[in-house]
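Residue numbers (the working numbering): 254 to 430. The structure appears right after this line, and notes come after that.
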Amino acid sequence: MDDLTYTLRQLCQRNRDGSHATQADRQRSLILAARQLREAGFRQMRATSLKGKHVGALLQRWQAEGLSVGTLINRMAHLRWWAEKVGKAGILPADNTKLGIADRRYATNESKAKELGDGLARITDPYVRMSLRLQAALGLRREESIVSVRPPHLASRSRVMPAATTSRCRVPWWSAV
């Protein structure tokens, strides 16, 4: 184990910020960064010898590896933690866009809703057909359209949904079966 890896481990063990998972992820990421700095030719480093050229070399390597934006953001957060703990918080900008890292994109930005179309007429079971109509009209998930929730409710919260839209009012509840 080289000096940088050893001093980074000590730094992580003496500064237990965050949850156990966060601490473990941070230590893993920093040890990886130490190995990659050694491979890049930076020898005789300690945790306190972090400089902008080291951060630049790591970022250039990570971008060349084609890592996702989220991974880059997480690793830069770990490098910022390292810089803060050794008293060199100024070597890294607080904003990732200044380093050429884009904002994180979340996968939940698109709707995963499916249209019923004419497939509803092919369903022979009236209960399944009605549960699918309830899903479409009320925006329910599959299980929510099947299960009837009776009081007492979880956390004393009501499970009643008002018919706020006209499409909800037009669902023929009485012809369900």
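Backbone N, C-alpha and C define an ideal beta-carbon position, used for all residues, glycine too.
- Of the residues Leu332, Glu337, Arg382, Tyr359, the one whose Cα lies closest to the Cα of Gly323 is Tyr359.
- Judged by beta-carbon spacing, Thr258 lies beyond the 8 Å limit of Arg299, meaning their Cβ atoms are not closer than that value.
- In the three-state DSSP reduction, Arg333 falls in the helix class (H, G or I).
- Scanning the stretch 294-340 from its first residue to its last, the whole alpha helix (DSSP H) runs of 4-plus residues come out as 305-317, 322-338.
- With a contact defined as Cβ atoms closer than 8 Å, Leu312 and Leu352 qualify at about 6 Å.
- If you ignore the 5 residues before and after Thr350, its C-beta comes within less than 8 Å of the C-beta of Asp356, all in its own chain and listed in chain order.
- The alpha-carbon of Val339 is positioned some 42 Å away from that of Glu363.
- In this structure, the straight-line span from the alpha carbon of Ile326 to that of Val308 is close to 13 Å.
- Counted as a single uninterrupted DSSP element, the alpha helix (DSSP H) harbouring Met383 occupies residues 379-391.
- If you look at Ser282, you'll find it in the alpha helix (DSSP H) that goes 273-292.
- In the three-state reduction of the DSSP assignment, Gly372 falls in the helix class, which pools H, G and I.
- The three-state reading of DSSP puts Gly343 in helix, counting H, G and I together.
- With respect to Leu303, Trp335 sits close: the two C-beta atoms are nearer than 8 Å.
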